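Residue numbers (my numbering): 2 to 419.
Positions of the beta carbon are idealized from the N, C-alpha and C atoms, including for glycine.
Please read all numbers here as calculations on a predicted model, not as lab measurements.
Let me begin by presenting the structure, written as structure tokens, before commenting on it.
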Ligand code: ADE
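Here you go:
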């Protein structure tokens, strides 16, 4: 068995963290129990590139119990929980290649190590496995049944690959399932981003001016939760529809340049690059906090910040202070990497339960449909999405109404008018 992890000796802490997460992942547990009996993934080699957290550990256990041969690497150099990686290796016999704080070279070495198993399935959070295969080891593609993609940024990349005819195997856009993005992106990112900012800084949100760049599902969640703690929210958007929604949700909406001189805390969640740059830094107040909640660390222009800064120092574990020439200080959290995973633990298990239930069931779907699928990006099958919603409600002890026969008929008839 192969692996590259920080320290196998810290496995006991990882083991109990994985159990703790499992106690809040009832849907995934049901799937795992069925997988153990039915072995739908028997002999399937699965390379997974995900944040190595206690929630991911429970997904890996599920795939393994379903008969899968799993190898896991990190989808971000800062998000690995080393004790979880250790326990996966020691207690669960899963091969892991991930070390928190690994440099760029090691990060890609680990991605290549995951691909060395010649996977039938790739599981991505940000499309790094797919990109590496398509740019470096295209020979692998012919043996791959399909892949799954966890995040908005990855799905955007993959759709543009498919549009150009470059995609060499089918992908399921797990992110786009309703039971994924409406919950994970909104409530998961909403809570965990605030969690990351608070753990890093212990700042008071009440009364602060909190600028959210990007009003997708993540931005909505962040704005909603920051408002809940008493911050005044400014939303910056490029999409008129989203800007209108933010306005009617009760937020101030304005260009980022205008918001730059008002904000105390700035968070990017756009999926785009260089959203905050020189012109914004120059307008910011002394002591502001700047963080990124988007997948890649490209949203804050770090080069601009480095160039503007006279002095730099680390003031707390996850805070880098940049002192600009006139003396103004800008505090960058978690190196501009996604703040919820770099400075906290990512989304809570209860919400990852649904995201990873989608991953497990889509993996099963890819194996069963491997002969039929084309080289394009697929939606998560509606039946899987609806089933996860039903199971989640039931796990929470929530019952809902059903349609009567008369109501069902009414909905499907077009003859009845006013
Ligand atoms: N992405 C966001 N939060 C996560 C978590 N807790 N585990 C894995 N991936 C995540």
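* Thinking C-beta only, is residue 316 closer than 8 Å to residue 293? -> Along the chain shown, read from residue 1 onward, the residue named residue 293 stands at position 292. Along the chain shown, read from residue 1 onward, the residue named residue 316 stands at position 315. No, the Cβ-Cβ distance between residue 293 and residue 316 is not below 8 Å.
* **Straight-line Cα distance separating residue 356 from residue 39** => Taking the chain shown and counting its residues from 1, one reaches residue 39 at position 38. Taking the chain shown and counting its residues from 1, one reaches residue 356 at position 355. Taking the straight line joining both Cα atoms gives about 22 Å.
* How is residue 176 classed by DSSP in three states: helix, strand or coil? -> Taking the chain shown and counting its residues from 1, the one referred to as residue 176 is at position 175. Looking at residue 176 - three-state DSSP - the assignment turns out to be helix.
* Roughly how many angstroms separate the alpha carbons of residue 310 and residue 217, rounded to a whole number? -> Here residue 310 is taken as the residue at index 309 of the chain shown, counted from 1. Here residue 217 is taken as the residue at index 216 of the chain shown, counted from 1. Each residue's alpha carbon lies about 31 Å from the other.
* Curious, which full-length alpha helix (DSSP H) runs of at least 4 residues does the stretch 310 to 377 contain? -> 340 to 343 and 350 to 369
* Pair within 8 Å by beta-carbon distance, residue 123 and residue 148 -> Working through the chain shown from its first residue, we reach residue 123 at position 122. Working through the chain shown from its first residue, we reach residue 148 at position 147. In this structure, residue 148 lies closer than 8 Å to residue 123 by Cβ.
* Span separating the alpha-carbon of residue 381 from that of residue 313 -> In the chain shown, residue 381 corresponds to position 380, counting from 1. In the chain shown, residue 313 corresponds to position 312, counting from 1. Rounded to whole angstroms, residue 381 to residue 313 spans 46 Å at the Cα level.
* Give me the Cα-Cα distance between residue 283 and residue 337, rounded to the nearest whole angstrom. => As a first step, residue 283 must be located in the chain shown, where it is residue number 282. As a first step, residue 337 must be located in the chain shown, where it is residue number 336. Take the alpha-carbon of residue 283 and the one of residue 337: they are about 18 Å apart.
* Once you ignore the five residues that flank residue 70 on each side, which residues in its own chain have a CB closer than 8 Å to its CB? -> Walking along the chain shown from the start, residue 70 turns up at place 69. Taken in chain order, the residues that qualify are 44, 45, 46, 47 and 118.
* Quick one: residues in its chain with C-beta nearer than 7 Å to the C-beta of residue 231, no 5 flanking neighbours on either side, listed in chain order? => The residue given as residue 231 occupies position 230 in the chain shown. Result list for residue 231: 206, 207 and 208, in chain order.
* Asked: Expressed to the nearest angstrom, what Euclidean distance is found between the alpha-carbon atoms of residue 308 and residue 242?
  -> Sequence index remark: in the chain shown, residue 308 carries index 307 (1-based). Sequence index remark: in the chain shown, residue 242 carries index 241 (1-based). One C-alpha to the other measures close to 35 Å.
* Asked: Any idea which residues DSSP pairs residue 150 with across the strands?
  -> Translated into the one-based positions of the chain shown, residue 150 becomes position 149. Answer is 125 and 174, bridged to residue 150.
* Enumerated in chain order, which unbroken segments of the beta strand (DSSP E) with a length of 3 residues or greater are wholly contained in the stretch 160 to 216? -> 172 to 174 and 210 to 214
* Going by alpha carbons, who is nearest to residue 1 out of 137, 145, 34 and 81? -> Examination of residue 1 is not possible in this model, given that the chain is present from 2 through 419 alone.
* What is the rounded straight-line gap between the Cα of residue 53 and the Cα of residue 79? -> As a first step, residue 53 is located in the chain shown; it is residue number 52 there, counting from the start. As a first step, residue 79 is located in the chain shown; it is residue number 78 there, counting from the start. Straight-line Cα distance between these residues: approximately 10 Å.
* Say the cut is 7 Å; is the CB of residue 155 nearer than that to a heavy atom of the ligand ADE? -> Along the chain shown, read from residue 1 onward, the residue named residue 155 stands at position 154. Checking the Cβ of residue 155 against the ligand ADE gives no.
* Closest to residue 168 by CA distance: which of 397, 405, 385 and 374 is it? -> Locating residue 168 in the chain shown gives position 167, where the first residue counts as 1. Nearest C-alpha to residue 168: 374.
* **Where residue 344 falls, given that 16 or more other Cβ within 10 Å makes a residue buried** => Sequence index remark: in the chain shown, residue 344 carries index 343 (1-based). The residue is buried, with at least 16 neighbouring Cβ atoms inside 10 Å.
* **Distance between residue 301 and residue 179 (C-alpha atoms, nearest Å)** => Against the chain shown, residue 179 aligns to sequence position 178. Against the chain shown, residue 301 aligns to sequence position 300. Roughly 29 Å separates the two Cα atoms.
* Thinking C-beta only, is residue 266 closer than 8 Å to residue 226? -> As a working note, residue 226 is residue 225 in the chain shown. As a working note, residue 266 is residue 265 in the chain shown. No, the Cβ-Cβ distance between residue 226 and residue 266 is not below 8 Å.
* Confirm the yes/no value for this check: CB of residue 81, any heavy atom of the ligand ADE, distance under 7 Å. => Within the chain shown, numbered from 1, the residue matching residue 81 stands at position 80. Residue 81 Cβ: outside cutoff for every heavy atom of the ligand ADE.
* To do: In the DSSP assignment, find the beta strand (DSSP E) that holds residue 299 and state where it starts and stops.
  => What you label residue 299 is simply residue 298 of the chain shown in a count that begins at 1. Run containing residue 299: none; DSSP gives neither H nor E here.
* Roughly how many angstroms separate the alpha carbons of residue 187 and residue 223, rounded to a whole number? -> The residue given as residue 187 occupies position 186 in the chain shown. The residue given as residue 223 occupies position 222 in the chain shown. So the alpha carbons of these two residues sit roughly 7 Å apart.
* To do: Can you check DSSP and say which residues form a bridge with residue 72?
  => Your numbering for residue 72 matches position 71 in the chain shown. Residue 72 is bridged to 48 and 96.
* Indicate, with yes or no, if the ligand ADE has a heavy atom lying under 7 Å from the CB of residue 56. => Taking the first residue of the chain shown as 1, we reach residue 56 at position 55. Checking every heavy atom of the ligand ADE against the Cβ of residue 56, one is found closer than 7 Å.
* **residue 331 to residue 253 span [Cα, whole Å]** => In the chain shown, the residue the question calls residue 331 occupies position 330. In the chain shown, the residue the question calls residue 253 occupies position 252. Taking the straight line from one Cα to the other gives about 23 Å.
* Continuous alpha helix (DSSP H) stretch holding residue 271: start and end -> Along the chain shown, read from residue 1 onward, the residue named residue 271 stands at position 270. It is not in any alpha helix (DSSP H) - residue 271 carries neither H nor E in the DSSP assignment.
* **residue 193 Cβ short of 7 Å to the ligand ADE heavy atom set** => For this step, residue 193 is matched to residue 192 along the chain shown. Yes, the Cβ of residue 193 comes within 7 Å of a heavy atom of the ligand ADE.
* **Rounded straight-line distance, which links the Cα of residue 190 to that of residue 139** => In the chain shown, counting from the first residue as 1, residue 139 sits at position 138. In the chain shown, counting from the first residue as 1, residue 190 sits at position 189. Their Cα atoms are separated by approximately 34 Å.
* Asked: Taking the DSSP output, what are the residues bridged to residue 380?
  -> Numbered from its first residue, the chain shown carries residue 380 at position 379. Per DSSP, 174.
* Asked: In whole angstroms, what separates the C-alpha of residue 305 from that of residue 278?
  -> Locating residue 305 in the chain shown gives position 304, counting from the first residue. Locating residue 278 in the chain shown gives position 277, counting from the first residue. Cα to Cα, the separation comes out at about 6 Å.
* Asked: Taking just the CA atoms, how far does residue 165 sit from residue 211?
  -> As a working mapping, residue 211 is identified with position 210 in the chain shown. As a working mapping, residue 165 is identified with position 164 in the chain shown. Rounded to whole angstroms, residue 211 to residue 165 spans 39 Å at the Cα level.
* Asked: Is residue 8 closer than 8 Å to residue 87 when the C-beta atoms are compared?
  -> For the purposes of this step, residue 87 is identified with residue 86 of the chain shown, where counting begins at 1. For the purposes of this step, residue 8 is identified with residue 7 of the chain shown, where counting begins at 1. Result yes, Cβ atoms of residue 87 and residue 8 sit closer than 8 Å.
* residue 236: first and last residue of the uninterrupted beta strand (DSSP E) it sits in -> Position 235 of the chain shown, counted from the start, is the residue given in the question as residue 236. Start and end: 233 to 237.
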